[in-house]
Amino acid sequence: MMKVSPYILNTVLGFDQQTAWEFSGEIATPQGVELTAKQQRAIAPLVCLGAPKWSTNSEYQAAVKSEAGRRIIELIPEWKQRNLTARMLDLVGKQVAGLTLNGDELDEQLAIRSTWEVVAAIRTISGEIEELSPQPSGYLELFEEFNTRLS
Numbered sequence: 001m002m003k004v005s006p007y008i009l010n011t012v013l014g015f016d017q018q019t020a021w022e023f024s025g026e027i028a029t030p031q032g033v034e035l036t037a038k039q040q041r042a043i044a045p046l047v048c049l050g051a052p053k054w055s056t057n058s059e060y061q062a063a064v065k066s067e068a069g070r071r072i073i074e075l076i077p078e079w080k081q082r083n084l085t086a087r088m089l090d091l092v093g094k095q096v097a098g099l100t101l102n103g104d105e106l107d108e109q110l111a112i113r114s115t116w117e118v119v120a121a122i123r124t125i126s127g128e129i130e131e132l133s134p135q136p137s138g139y140l141e142l143f144e145e146f147n148t149r150l151s
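In full-length UniProt numbering, the protein residues as written are 1 to 151.
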């Protein structure tokens, strides 16, 4: 038995998302058919072996949140998040005080905003994945699919 990933059905084979979820799941090779190592490697992208199962929706949501957090930290480590936040406060503080930011400061502020927009996008994607019903077994693949939105 193999577990077919709905992500693959959707993105590789072109099924719409709902149909991909309906057709995903356990499949068996025809009786008496043994796949060669080469055949197994060829279909490996279509198979999601050992996909996690969650007993509760909160476990599933926690797993998705954890993956989103991991991706955010990988992109912007916590020390850098603190530094960016502090620097943005300095820049906004100048503006609130009625001072004008110079060109370099405006560029820096724009770069910081762009960085936080990526973080916001990851959080939005995480929220969308958490709301999917039924719960996808291949939620990690869904992050990869949604990553195309960030480019």
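Just so it is clear, CB atoms sit at the ideal spot from N, CA and C, and this is done for glycine as well.
- DSSP, reduced to helix, strand and coil, places Thr-100 outside both helices and strands of the structure shown, so it counts as coil.
- The beta carbon of Val-64 sits closer than 7 Å to the beta carbons of Ser-126, Ile-129, Glu-130 and Tyr-139 from its chain, once the five residues preceding and following it are set aside; these are given in chain order.
- In this structure, DSSP gives Leu-84 a helical state, which the three-state scheme calls helix.
- With a threshold of 16 other beta carbon atoms within 10 Å, Ile-73 falls short and is exposed.
- Following the DSSP letters along the chain, one finds Ile-73 inside the alpha helix (DSSP H) bounded by residues 57 to 75.
- For Leu-132, the three-state secondary structure derived from DSSP is coil.
- Between Leu-84 and Val-118, the beta carbon gap of about 12 Å keeps them out of contact (Cβ cut-off 8 Å).
- Ala-68 and Arg-123 do touch by the CB rule: their CB atoms are close to 6 Å apart, below 8 Å.
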